[in-house]
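A.B. asks: Residue numbers (the working numbering), protein chains in the order written: chain A, 26 to 281; chain B, 132 to 299. Idealized CB from N, CA, C, for every residue including glycine. Remember, predicted model here, so these are calculated numbers, not experimental data. The structure that follows is given in the form of structure tokens.
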Amino acid sequence: METVVKLDLALFEGLCRLGDSTLVLGHRVSEWCGHAPVLEEDIALANVALDLIGQTQLWLGLAGEVEGRGRDADALAFRRDVWEFRNLLLVERPNGDFGQTLMRQFLFDAWHQPMLKALEGSNDARIAEIAAKAGREVAYHLERSADLVIRLGDGSEESHKRMQTALDTLWPYTGEMMASDATDCALAEAGVMPAPDSIRPQWEALVGEVLGEATLKAPESAYMHKGGKQGTHSEHLGHMLATMQWLQRAYPDAKW
Amino acid sequence: MVSVAQVWDWLSHVPDPEIPVISVTDLGIVRDVSLEGETVVVTVTPTYSGCPATSVINFEIEKALRDKGVAAVRLERRLDPPWTTDWLKPEAREKLRAYGIAPPIYGTRAEGVVAGRIKRLTGAALVVPCPRCGSEETQKVSQFGSTPCKAAYQCRSCLEPFDYFKCI
């Protein structure tokens, strides 16, 4: 009995890690709405954000169902505090300039796409079907972010410099995507979610290929930040949540 | 007593809220219609997981059936198999073109395959004929157009911008 309970807890955690990462990145990307350098990019950013929020509804909706305490996706998104969030540190990084936003998107997409592909093989049908749905959308995100990282990296002197700076800044936040803890191990052993380090070969191959094409160089330091998946966040997430959650906090259950 | 075929026919007149020239059945999002006693059960699959039209579509389907006198309607969501543009009916593709949206080109779905990706990204681009003048001299402006399901293109012959309904 005890193992069953533990697996349920791990499943809730695992689903929050997926849903919180898409939620936080979706919100970050939506902060560009009305501010992007050109109209087409503004629209593209908003559409990527929309896909991510849609995927969040599926992941957090299932998380609430698994938890069985009557919390739906909205309750999980708007009524948890910062230490309850399980998103990757990478996605809570501030947007910075357009180049940094795209670099963050690419480093995430390059993990997200193979991760979803692996999740399609989950022995939990509810997870497999969400992954199959989201994977088709994310394939387009990856195409766009990889394309733009190449164009800006292998672009003007200024754009190259900015993309290299973005890569140097964000690189220490990429290790967490492929690092395992007890929750990940329990889910992998049960065949529910892939072991995070099983994604590494695909991530490294794709990132290496794109950075090479973009004439960018990954930092040599192997130091990686971690903690987001366990609820230890940078100061940036609290500020973001203050903006994202204020309406539901000030006027609980407010509806349009 | 209403028949399943009758319900399908009614649904074929419910327009997509975003692209009103095509119906929800043209779009291929109605996956099943069944009867459970007096209740009509309509199973709908979302196009994109974040598509804001989904709730409007459900509302329109329910409203259309109620307007036809169906008292009990239940809508169910089905994610598996995920919706694909391959389910668009052939006539719907023509309606899209006439409306100014280039229809999806079969077999060009983004796969996220790692090997050879760079070649595909930087090499030969997909040829999307202009829905207005038919020219193949078109260029992609952005992977995402007015909605997530579309990409923004421009025709280099007639210079008109247009939407391309991406293959998914």
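Cα separation between E6 (chain A) and F275 (chain B)?
C.D. replies: Chain A is shown only over 26 to 281; residue 6 (chain A) falls outside these bounds and no answer can be derived.
A.B. asks: Threshold first: 4 residues or longer. Then list the alpha helix (DSSP H) segments lying entirely within the region 153-235 of chain A, N to C.
C.D. replies: 182-195, 207-214, all fully within the region 153-235 of chain A.
A.B. asks: Would you decide whether H137 (chain A) is buried or exposed? Buried here means 16 or more other CB atoms lie within 10 Å of its CB.
C.D. replies: For the purposes of this step, residue 137 (chain A) is identified with residue 112 of the first sequence, where counting begins at 1. Under this definition H137 (chain A) is a buried residue.
A.B. asks: For S305 (chain B), which beta-bridge partners are listed by DSSP?
C.D. replies: As displayed, chain B neither begins before 132 nor continues past 299, which places residue 305 (chain B) out of reach and without an answer.
A.B. asks: How many whole angstroms separate the CB atoms of K158 (chain A) and L210 (chain B), which I take to be in contact at a CB cut-off of 8 Å?
C.D. replies: Locating residue 158 (chain A) in the first sequence gives position 133, counting from the first residue. Locating residue 210 (chain B) in the second sequence gives position 79, counting from the first residue. About 5 Å; that satisfies the 8 Å criterion.
A.B. asks: For a test of the three-state rule: what should DSSP assign to S273 (chain B), helix, strand or coil?
C.D. replies: Walking along the second sequence from the start, residue 273 (chain B) turns up at place 142. Of the three classes helix, strand and coil, the one that applies to S273 (chain B) here is strand, per DSSP.
A.B. asks: Taking all protein chains shown into account, do 16 or more other C-beta atoms lie within 10 angstroms of the C-beta of V258 (chain B), making it buried, or fewer, making it exposed?
C.D. replies: As a first step, residue 258 (chain B) is located in the second sequence; it is residue number 127 there, counting from the start. Label assigned to V258 (chain B): exposed.
A.B. asks: Terminal residues of the continuous beta strand (DSSP E) containing A114 (chain B)?
C.D. replies: The structure shown has nothing for residue 114 (chain B), since chain B only spans 132 to 299.
A.B. asks: Just verifying my parser: in three-state terms, what is the DSSP assignment at Y230 (chain B)?
C.D. replies: Taking the second sequence and counting its residues from 1, the one referred to as residue 230 (chain B) is at position 99. Y230 (chain B): helix per DSSP, three-state reduction.
A.B. asks: Give every residue of the same chain whose Cβ lies closer than 6 Å to the Cβ of P148 (chain B), excluding the five residues on either side of it in the sequence, and list them in chain order.
C.D. replies: Stepping through the second sequence from its first residue, residue 148 (chain B) is reached at position 17. The residues are A184, V187.
A.B. asks: Which of the three DSSP states is assigned to P177 (chain B) in this structure?
C.D. replies: Mapped onto the second sequence, residue 177 (chain B) falls at position 46. Correct three-state label for P177 (chain B): coil.
A.B. asks: Any idea if R224 (chain B) is buried or exposed, counting beta-carbon neighbours within 10 angstroms, 16 or more meaning buried?
C.D. replies: The sequence position of residue 224 (chain B) within the second sequence is 93, counting from 1. That one is buried.
A.B. asks: For the region 239-270 of chain A, which segments carrying the beta strand (DSSP E) assignment without a break, of at least 3 residues, lie completely within its bounds, in sequence order?
C.D. replies: Runs found: none.
A.B. asks: Can the beta-carbon of P197 (chain A) be found less than 7 Å from the beta-carbon of D209 (chain A)?
C.D. replies: On the first sequence, position 172 is the one that residue 197 (chain A) refers to. On the first sequence, position 184 is the one that residue 209 (chain A) refers to. Cβ distance not < 7 Å, so P197 (chain A) and D209 (chain A) don't count as in contact.
A.B. asks: Does the beta-carbon distance from A191 (chain A) to Q125 (chain A) come in below 7 Å?
C.D. replies: Residue mapping note: residue 191 (chain A) aligns to position 166 of the first sequence, counting from 1. Residue mapping note: residue 125 (chain A) aligns to position 100 of the first sequence, counting from 1. Cβ atoms of A191 (chain A) and Q125 (chain A): closer than 7 Å.
A.B. asks: By the criterion of Cβ-Cβ separation under 7 Å, what are the contact partners of P213 (chain B) in chain A?
C.D. replies: One-based indexing of the second sequence puts residue 213 (chain B) at position 82. Those within 7 Å of P213 (chain B) in chain A are A157, K158, R161.
A.B. asks: Within the same chain, show all residues whose beta-carbon is closer than 7 Å to that of S277 (chain B), passing over the 5 residues directly before and after it, in chain order.
C.D. replies: Here the question's residue 277 (chain B) lines up with position 146 in the second sequence. Only D294 meet the Cβ criterion.
A.B. asks: Could you give the distance in angstroms between the alpha-carbon of G265 (chain B) and the alpha-carbon of C298 (chain B)?
C.D. replies: Position 134 of the second sequence, counting from 1, holds the residue named residue 265 (chain B). Position 167 of the second sequence, counting from 1, holds the residue named residue 298 (chain B). G265 (chain B) and C298 (chain B): Cα-Cα distance of roughly 19 Å.
A.B. asks: Do you know offhand how far S165 (chain B)'s Cα is from G89 (chain A)'s?
C.D. replies: Along the second sequence, read from residue 1 onward, the residue named residue 165 (chain B) stands at position 34. Along the first sequence, read from residue 1 onward, the residue named residue 89 (chain A) stands at position 64. S165 (chain B) and G89 (chain A): Cα-Cα distance of roughly 29 Å.
A.B. asks: Applying the criterion that 16 or more other CB atoms from any shown protein chain within 10 Å of the CB defines a buried residue, is M132 (chain B) buried or exposed?
C.D. replies: Taking the first residue of the second sequence as position 1, residue 132 (chain B) is located at position 1. Result: exposed.
A.B. asks: Which residues in chain A have a C-beta closer than 7 Å to the C-beta of I299 (chain B)? List them in chain order.
C.D. replies: Walking along the second sequence from the start, residue 299 (chain B) turns up at place 168. Chain A residues near I299 (chain B): R161.
A.B. asks: Which residues, in order along the region 26-51 of chain A, keep a beta-carbon less than 7 Å from a beta-carbon of chain B?
C.D. replies: Listed in sequence order: no entries.
A.B. asks: Quick one: grab the DSSP three-state call for F103 (chain A).
C.D. replies: For this step, residue 103 (chain A) is matched to residue 78 along the first sequence. In the structure shown, F103 (chain A) sits in a helix (DSSP, three-state: H, G or I).
A.B. asks: So, at 7 Å on beta carbons, what are the nonlocal neighbours of Q270 (chain B) in its own chain, with the 5 sequence-adjacent residues on each side left out?
C.D. replies: In the second sequence, residue 270 (chain B) corresponds to position 139, counting from 1. Here the set comprises Y284, Q285, R287.
A.B. asks: Using C-beta distances below 7 Å, list every residue in its chain close to R225 (chain A), excluding the 5 sequence neighbours before and after it, in chain order.
C.D. replies: Stepping through the first sequence from its first residue, residue 225 (chain A) is reached at position 200. Taken in chain order, the residues that qualify are M203.
A.B. asks: Below 8 Å, can you find three or more Cβ-Cβ pairs linking the region 227-246 of chain A to the region 171-191 of chain A?
C.D. replies: These segments touch.
A.B. asks: List the residues of chain B whose Cβ lies closer than 8 Å to the Cβ of I68 (chain A), in chain order.
C.D. replies: To locate residue 68 (chain A), count along the first sequence from 1; it is residue 43. Ordered by position in chain B, the residues that pass the 8 Å Cβ test against I68 (chain A) are S273, F275, G276, S277, A283.
A.B. asks: Kindly say whether L210 (chain B), judged by its beta-carbon, lies nearer than 7 Å to any beta-carbon of chain A.
C.D. replies: Mapped onto the second sequence, residue 210 (chain B) falls at position 79. So yes, L210 (chain B) belongs to the interface.
A.B. asks: Candidates A:N72, A:A153, A:T268: which alpha carbon is nearest V217 (chain A)'s?
C.D. replies: Residue mapping note: residue 217 (chain A) aligns to position 192 of the first sequence, counting from 1. Per the Cα distances, A:A153.
A.B. asks: Please confirm if R169 (chain A) has its CB atom under 7 Å from at least one CB of chain B.
C.D. replies: On the first sequence, residue 169 (chain A) is found 144 positions in, with the first residue counted as 1. Yes, R169 (chain A) lies at the interface with chain B (some Cβ there is under 7 Å from its Cβ).
A.B. asks: So the alpha helix (DSSP H) G202 (chain B) belongs to, where does it begin and stop?
C.D. replies: As a first step, residue 202 (chain B) must be located in the second sequence, where it is residue number 71. Residue identity check: residue 202 (chain B) is Ala in the sequence provided, not Gly. Per DSSP, A202 (chain B) belongs to no alpha helix (DSSP H) and is neither H nor E.
A.B. asks: Closer than 7 Å, CB to CB, is H144 (chain B) near chain A or not?
C.D. replies: Position 13 of the second sequence, counted from the first residue, corresponds to residue 144 (chain B). For H144 (chain B), the answer is no, since every Cβ of chain A falls outside 7 Å of its Cβ.
A.B. asks: Write down every uninterrupted run of the alpha helix (DSSP H) in the region 65-112 of chain A whose length is 4 residues or greater and which is fully enclosed by it, in chain order.
C.D. replies: With a minimum length of 4 residues, the continuous alpha helix (DSSP H) runs that stay inside the region 65-112 of chain A are 98-103.
A.B. asks: Could you give the distance in angstroms between the alpha-carbon of T176 (chain B) and the alpha-carbon of R208 (chain B)?
C.D. replies: Within the second sequence, the letter at position 45 stands for residue 176 (chain B). Within the second sequence, the letter at position 77 stands for residue 208 (chain B). Roughly 6 Å between the two C-alpha positions.
A.B. asks: Below 9 Å on C-beta distance, what does G181 (chain B) contact in chain A?
C.D. replies: What you label residue 181 (chain B) is simply residue 50 of the second sequence in a count that begins at 1. Ordered by position in chain A, the residues that pass the 9 Å Cβ test against G181 (chain B) are G51, N72, A74, L75, D76, L77, I78, G79, Q80, T81, Q82, E162.
A.B. asks: Within 10 Å of its beta-carbon, does A69 (chain A) have 16 or more other beta-carbons around it, so buried, or fewer, so exposed?
C.D. replies: Mapped onto the first sequence, residue 69 (chain A) falls at position 44. The residue is buried, with at least 16 neighbouring Cβ atoms inside 10 Å.
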